[in-house]
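Undergrad:
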Amino acid sequence: MKVRWQFYFDYEDLKFEKTYAYGVTVTPEQAEHFGLPRQEFEADVTVGPDEEEHGSVVQRGKLNITLPGNGKQTKDLAYSIAMSLAEHITFTQARIKLDGGFISNELLPETPEEEAAVGDKRFSWVMQVREVPEKIPFDHTSLQKVTTGPLIKQFNEAKNAKSPVDRFIGLFKILEDSYGGKPVKASFKNSPELQQIAFQYLRITESGTQRQISQAEFEKLIDDLVNTRHECAHLRSSTGFGITYGDARVRSDVEPLLIPLEILAYAATQRRSV
93 MKVRWQFYFD YEDLKFEKTY AYGVTVTPEQ AEHFGLPRQE FEADVTVGPD EEEHGSVVQR
153 GKLNITLPGN GKQTKDLAYS IAMSLAEHIT FTQARIKLDG GFISNELLPE TPEEEAAVGD
213 KRFSWVMQVR EVPEKIPFDH TSLQKVTTGP LIKQFNEAKN AKSPVDRFIG LFKILEDSYG
273 GKPVKASFKN SPELQQIAFQ YLRITESGTQ RQISQAEFEK LIDDLVNTRH ECAHLRSSTG
333 FGITYGDARV RSDVEPLLIP LEILAYAATQ RRSV
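Read in order, the letters of the sequence shown correspond to residues 93 to 366 in my numbering.
1. Can you tell which of 103, 196, 188 and 186 has the C-alpha that lies nearest to the C-alpha of residue 158?
2. At which residues does the beta strand (DSSP E) containing residue 152 begin and terminate?
3. Classify residue 200 as helix, strand or coil using the three-state DSSP reduction.
4. Could you tell me whether the Cβ atoms of residue 139 and residue 100 are closer together than 8 Å?
5. Hey, residue 346 and residue 200 are a contact pair by Cβ (cut 8 Å); roughly how many whole angstroms apart?
6. List the endpoints of the continuous alpha helix (DSSP H) containing residue 347.
7. Would you please state the rounded distance, in angstroms, between the beta carbons of residue 276 and residue 285? I believe it to be under 8 Å.
8. Roughly how far, in whole angstroms, is the beta-carbon of residue 263 from the beta-carbon of residue 250, given that I think they are within contact range, below 8 Å?
9. In angstroms, rounded to a whole number, what distance separates the CA positions of residue 273 and residue 311?
10. Is residue 360 near residue 270, with beta carbons less than 8 Å apart?
11. Need the endpoints of the alpha helix (DSSP H) that residue 302 sits in, please.
12. So what's residue 134 in DSSP terms, helix, strand or just coil?
13. Could you give the DSSP three-state label for residue 129: helix, strand or coil?
14. Within its chain, find whatever has a CB closer than 7 Å to the CB of residue 238; leave out the 5 residues flanking it on each side and keep chain order.
15. Starting from the C-beta of residue 357, find all residues in its chain whose C-beta is less than 7 Å away, skip the five residues before and the five after it, and write them out in chain order.
16. Tell me whether residue 337 sits in a helix, a strand or coil according to DSSP, three-state version.
17. With three or more C-beta pairs closer than 8 Å as the rule, is the region 148 to 156 touching the region 116 to 135?
18. For residue 343, count neighbouring Cβ atoms within 10 angstroms of its own Cβ and tell me buried if that reaches 16, exposed if not.
19. Considering residue 164, what are the terminal residues of the alpha helix (DSSP H) in which it resides?
20. Using 8 Å as the Cβ pair cut-off and three pairs as the minimum, do the region 329 to 341 and the region 161 to 178 touch?
21. Where does residue 111 fall in DSSP's three states?
22. In whole angstroms, what separates the C-alpha of residue 186 from that of residue 202?
23. By a C-beta neighbour count over all protein chains shown, 10 Å radius and 16 as the cutoff for buried, is residue 329 buried or exposed?
24. Is residue 239 helix, strand or coil by DSSP?
25. Using a Cβ-Cβ cut-off of 8 Å (strictly less than) and excluding sequence neighbours within five positions of residue 305, which residues of its own chain qualify?
26. Less than 7 Å between C-beta atoms, sequence neighbours within five positions excluded: which residues of the same chain meet that for residue 317?
27. Would you list the one or two residues that DSSP bridges to residue 101?
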């Protein structure tokens, strides 16, 4: 069984005369890292225009990646190849931006047995949706005292950073500035104010109900935040240390921590800027 993943991207300064085909070698070590059988194989990759919109500056491109396996088995590897290819084109030629809004895959059965097993379930897709928050009434009382604390701008810039890695590092700096010491983990865990913020605002959802975060969960969160910041801020690619832009761990390790980190950073900023 094979599966063909389809990604879309936007570009401005490139011109694709046609769709280009490549073979990408996946080593046994890479295959094992992404949960596939430890063996070398070649991924088929095509990249080119989708439907050119003449007269528009921003054009639409399409990236296809064909891998052995099904959608669930190959998802992380497909995303990794797509992000790596986009970064390589951006670095060597001109910027392309992957569209994470709609990503599809098609199963490609290779035997009659696989054809029968797939049936009419050849296609599936991933849609990234974002809940539109309710509009917040303007609070005129918040402008009775306007402060110029550096943490306000730090928080705003960090929250709006495009990369989850940059967002994480920027928000973490607020905790470091407010509660940091040596060692960092101990200073965070021993801060009465940071503990109070965590117990007041962080909630765990279980069986549809929410509860306050526990002491043990607070301490584990601090461990995860500090460890992840270390890997985001420091890179030793020769030894495999560090989380780079486009690394699969951005989705698995960094992004899940952004919500509690933003809550803690916001509360810390608020207390020092009011």
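C-beta atoms are modelled at their ideal positions from N, C-alpha and C, and glycine is treated no differently.
TA: Here's the rundown:
1. Position 66 of the sequence shown, counted from the start, is the residue given in the question as residue 158. Nearest neighbour of residue 158 by Cα position, chosen from 103, 196, 188 and 186, turns out to be 196.
2. If you number the sequence shown from 1, residue 152 lands on position 60. Per DSSP, residue 152 belongs to the beta strand (DSSP E) from 151 to 160.
3. For this step, residue 200 is matched to residue 108 along the sequence shown. Note: residue 200 maps to strand in three-state DSSP.
4. Residue numbering aside, residue 139 sits at position 47 when the sequence shown is read from its first letter. Residue numbering aside, residue 100 sits at position 8 when the sequence shown is read from its first letter. At least 8 Å separates the beta-carbon of residue 139 from that of residue 100.
5. Reading the sequence shown from its first residue, position 254 is the one you call residue 346. Reading the sequence shown from its first residue, position 108 is the one you call residue 200. The pair is not a contact, with the Cβ atoms about 32 Å apart (cut-off 8 Å).
6. Along the sequence shown, read from residue 1 onward, the residue named residue 347 stands at position 255. That run of the alpha helix (DSSP H) goes 347 to 365.
7. The count along the sequence shown starts at 1 and reaches residue 276 at position 184. The count along the sequence shown starts at 1 and reaches residue 285 at position 193. Not really, about 16 Å apart at Cβ, beyond 8 Å.
8. Residue mapping note: residue 263 aligns to position 171 of the sequence shown, counting from 1. Residue mapping note: residue 250 aligns to position 158 of the sequence shown, counting from 1. Taking 8 Å as the upper bound for CB-CB distance, residue 263 and residue 250 are in contact here, some 5 Å apart.
9. One-based indexing of the sequence shown puts residue 273 at position 181. One-based indexing of the sequence shown puts residue 311 at position 219. Computed Cα separation, rounded: 16 Å.
10. Taking the sequence shown and counting its residues from 1, one reaches residue 360 at position 268. Taking the sequence shown and counting its residues from 1, one reaches residue 270 at position 178. Yes, Cβ-Cβ distance for residue 360 and residue 270 is below 8 Å.
11. Along the sequence shown, read from residue 1 onward, the residue named residue 302 stands at position 210. Element bounds for residue 302: not the alpha helix (DSSP H) but the beta strand (DSSP E), 301 to 304.
12. Within the sequence shown, residue 134 is the residue found at index 42, counting from 1. Three-state DSSP puts residue 134 in a strand.
13. On the sequence shown, position 37 is the one that residue 129 refers to. The answer is coil: DSSP assigns residue 129 none of H, G, I, E or B.
14. Residue mapping note: residue 238 aligns to position 146 of the sequence shown, counting from 1. Annotation note: pLDDT 44 at residue 238 (below 50); position unreliable, no value reported.
15. Here residue 357 refers to the residue found at position 265 when the sequence shown is read from its first residue. Answer for residue 357: 247, 263, 266 and 267, listed in chain order.
16. Taking the first residue of the sequence shown as 1, we reach residue 337 at position 245. Residue 337: coil per DSSP, three-state reduction.
17. No, because fewer than three Cβ pairs between the region 116 to 135 and the region 148 to 156 fall closer than 8 Å, the two stretches do not touch.
18. The residue you call residue 343 lines up with position 251 of the sequence shown. In the assembly as shown, residue 343 is an exposed residue. Its beta-carbon has fewer than 16 other beta-carbons within 10 Å.
19. For the purposes of this step, residue 164 is taken as residue 72 along the sequence shown, with counting starting at 1. 163 to 184 is the span of the alpha helix (DSSP H), which, as asked, contains residue 164.
20. Two segments are said to touch when three or more pairs of C-beta atoms, one from each, lie closer than 8 Å; by this definition the region 329 to 341 touches the region 161 to 178.
21. Position 19 of the sequence shown holds residue 111. It is coil, neither helix nor strand.
22. For the purposes of this step, residue 186 is taken as the residue at position 94 of the sequence shown. For the purposes of this step, residue 202 is taken as the residue at position 110 of the sequence shown. Straight-line Cα distance between these residues: approximately 37 Å.
23. Walking along the sequence shown from the start, residue 329 turns up at place 237. Under a 10 Å Cβ-count criterion, residue 329 is classified as exposed, with fewer than 16 other Cβ atoms of the shown protein chains found around its own Cβ.
24. Residue 239 sits at position 147 when you count from the first residue of the sequence shown. Low confidence applies to residue 239: its pLDDT is 47, below 50, so where it sits in the model is not reliable, and the reading given next is rough at best. Coil at residue 239, not helix or strand.
25. Taking the first residue of the sequence shown as 1, we reach residue 305 at position 213. Within the same chain, residue 305 has close Cβ partners 290, 291, 294, 295, 296 and 313.
26. Here residue 317 refers to the residue found at position 225 when the sequence shown is read from its first residue. Taking C-beta separations shorter than 7 Å and ignoring five residues to either side along the sequence, the partners of residue 317 in its chain run 264, 349 and 353, following chain order.
27. The count along the sequence shown starts at 1 and reaches residue 101 at position 9. Partner(s): 153 and 190.
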